[in-house]
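Visitor: Numbering (the numbering used here), first residue to last: 190 to 693.
Quick reminder that beta carbons are idealized off the backbone N, C-alpha and C, glycines included.
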Amino acid sequence: MSHGISRSALRFVLAAAAAVLPSLVTVSPAAAQAVGFAGSCPTTGFVSQHYSDSHDGIDIANDYGTPIYAVGDGEVINSGPIQGYGQWIRILHPDGTVTEYGHMYQRDVVVGQQVAAGRRIALMGSEGESSGPHLHLRVRVGTSTGVRGIDPVPYLGERGVGLPCTPGDGPRPVPLVYPVESGRVVSTRSADGRLEAFAAGADGVHHAWQSQVNGAWSDWEPLGGPGNAELAIAPNADGRLEVFALNGDVLQHRYQTSPSGGWSGWESFGTGGRYITAGANADGRVEVFASGPSGVFHTYQTAPNGGWSGWESTGGGPSGGRIEMEKSPDGRLEVFALNDNVFQHQYQTAVNGGWSAWENFGGGGHDLTVDHNADGRLEVFASGPVGVFHKYQTGSTSWSGWEPTAGPADSRLTSDRAPDGRVEVFAINGDVAMHTWQTGVNAAYGDWAAFGGGGTGITATTNADGRIEVFGSSRAGVHHKWQTGFSTWSDWSWLANTPGPAVG
């Protein structure tokens, strides 16, 4: 090669009429800036009330006078009395988000003041409409108070802060950037928080994007490129997305010319192969793996946002294998590859470093998905003729045995994480779509539940507010379905007014 909450399972109707995704946050792409910064713990205590349709934010309860800290660097844009809160503080961060703190009895900052992540800004109280001392933390995209906030839990999680937390003097380490699942349909968020989706049909690759953060979608746009390709997508260190398209004859790529901006044309990236995956190293360099008849090869950026190495053999790997990538808690990448006869994996021996030899991981199968628990341990699911099996890390270097979970036979698989960190797995074959989810954070899985009718592929991603969105493909086109609440889902529908490409 050369350069545990029960979900409502609504019927998967591939011929459903188009519907518009309700927008929980309506912010124009121009108003939304690059997502993400290294965050700090806002306060100690327990979450006494979570984000929900009836509660815009979270409550963290503790003793009267408990210190409250700035979640990130920014400018204080409000500090004073306000109806409801009694008193509030609002901080505008460089990424365009605003954190809002309420019910304090003492404020330590004034409007116009620049604050650093982890700086004490107030003392917890029970001012205003409150039944006891707590911090009400709300997060908005943009400075308007007329739009609903987003869930603070995934917002903090993406910035390296899990709840409950212990405040410190400064920001947490930069949060890990996890690989995006590859396939015939791929989707991830642009730097401004809007989802972008790519789908591969016989006539090339098609592209659609959210016109607003957490909001409605554009029509599909044909891009040309390799027909019937396998796709992978990854963010560069500067936030620009890059997409890779591989079929049996050619490998091409295209990339955003600026974060959340327009895209380059297709450029050659190598010869043909079978499957592909991509992810970012801890230092931001993107690394790409592709399988073919003689095993698995890889190439990598020689510097963040920079040029590429030549293609190199990985020392073997399953020929023509489906491949996925994940990231360990310390930032090392790990690659899993499966064909009909064998399942193998290899991993970086050091952060940003070289790779181990391929190791046996099990027998052959049909498809795989890889994800991570809230505590960082990896989870692997693989499908075969008798259903879906599961294997997970029991420690940093140890794995469980394979465990049966039932589920659809010979199904395509995908997975993602709910706002509270629980992993949810989706499976589809020609007859049925189903899903299963962890009954608690880092916990076991419940029974499989119906998720709709059959199709040819399935891909899950998450919105900026943490809601999972699922794409189901078929020979009729690409539909999607999204969480409307903690335990409810929309119906299946077209992304906008067009079905997109037929995906066989």
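1) Go through the segment 390-463 residue by residue and report every complete run of the beta strand (DSSP E) that reaches 3 residues or more, in order.
2) Please state the DSSP three-state secondary structure of W678.
3) By alpha-carbon positions, which one of E289, Q272, D284 ends up nearest to I278?
4) Can you tell which of A479, R474, P507, R511 has its C-alpha closest to the C-alpha of G495?
5) Span of the alpha helix (DSSP H) holding G346?
6) If we count the other Cβ atoms within 10 Å of its Cβ and call it buried at 16 or more, is S268 buried or exposed?
7) By Cβ distance below 8 Å, which residues in the same chain neighbour S229 in space, the five residues on each side in sequence not counted?
8) Confirm, please, whether the CB-CB distance from R337 to D245 is below 7 Å.
9) What did DSSP end up calling S243 once you bin it into helix, strand or coil?
10) If you draw a straight line from the C-alpha of G506 to the C-alpha of G543, how long is it?
11) Using a Cβ-Cβ cutoff of less than 8 Å, which residues in the same chain neighbour E431 once the five nearest sequence positions on both sides are dropped?
12) Return helix, strand or coil for F615, following the three-state DSSP convention.
13) Can at least three beta-carbon pairs, one atom from the segment 313-325 and one from the segment 611-630, be found at a separation below 8 Å?
14) Less than 7 Å between C-beta atoms, sequence neighbours within five positions excluded: which residues of the same chain meet that for D519?
15) Rounded to whole angstroms, what is the Cα-Cα separation between R611 and A563?
16) Does the beta-carbon distance from A380 to A397 come in below 7 Å?
17) Are the segment 365-374 and the segment 511-529 in contact at 8 Å, needing three or more beta carbon pairs?
18) Would you kindly work out how many angstroms separate the C-alpha atoms of H579 and P593, rounded to a whole number?
19) According to DSSP, what are the bridge partners of R279?
20) Does the beta-carbon distance from I271 to L281 come in below 7 Å?
21) For T694, which residues in the same chain have their Cβ closer than 8 Å to its Cβ, ignoring the five residues on either side in sequence?
22) Could you check if R329 is buried or exposed, using at least 16 other CB atoms within 10 Å of its CB as the buried criterion?
23) Out of G414, G428, L435, which has the shortest C-alpha to C-alpha gap to L420?
24) Straight-line CA distance for W452 to L412?
25) Taking all protein chains shown into account, decide if P353 is buried (16 or more other Cβ within 10 angstroms of its Cβ) or exposed.
26) For Y294, which option in L440, Y253, E264 has the closest C-alpha, if you only look at C-alpha atoms?
27) Please state the DSSP three-state secondary structure of S376.
28) In its own chain, which residues sit with a C-beta less than 7 Å from the C-beta of N470, not counting the 5 before and 5 after it?
29) Report all residues from its chain with a CB closer than 6 Å to the CB of T538; omit the five preceding and five following residues, and keep chain order.
30) Grab me the residues of V630's own chain with a C-beta within less than 7 Å of its C-beta, minus the 5 sequence neighbours each way, in chain order.
31) Is the segment 673-680 in contact with the segment 395-409, if contact means three or more CB pairs nearer than 8 Å?
32) Roughly how many angstroms lie between the CA atoms of H179 and T503, to the nearest whole one?
33) What whole-angstrom Cβ distance do G509 and N528 have, given they're in contact under 8 Å?
34) Shortest alpha-carbon distance to D654 belongs to which of T583, D242, A691, G454?
35) If you check the beta carbons only, do G689 and W409 fall under 7 Å apart?
Guide: According to the structure shown:
1) 393-398, 410-413, 419-424, 430-435, 439-444, 456-460
2) strand
3) E289
4) Ranked by Cα distance from G495, the first of A479, R474, P507, R511 is R474.
5) 341-347
6) Burial is judged here by how many other beta carbons sit within 10 angstroms of a residue's own beta carbon; S268 has at least 16 and is buried.
7) Y258, A259, V260, G261, A306, G307, V350, P356, G357, G359, P360, R361
8) yes
9) coil
10) 16 Å
11) I422, A423, P424, N425, H442, R443, Y444, Q445, A467, V475
12) The answer is strand: DSSP assigns F615 an E or B state.
13) no
14) V540
15) Roughly 7 Å between the two C-alpha positions.
16) no
17) yes
18) 6 Å
19) Answer is N267, E289, bridged to R279.
20) The answer is no: Cβ separation not under 7 Å.
21) With the chain covering 190 to 693 only, the question about residue 694 has no answer from this structure.
22) buried
23) L435
24) 10 Å
25) exposed
26) Of the residues L440, Y253, E264, the one whose Cα lies closest to the Cα of Y294 is Y253.
27) strand
28) E476, L522, N541
29) S545
30) A563, D609, G610, R611
31) no
32) Nothing about residue 179 can be read from this structure; the chain reaches only from 190 to 693.
33) G509 to N528, Cβ: 6 Å. Contact.
34) D242
35) In this structure, G689 places its C-beta atom within 7 Å of the C-beta atom of W409.
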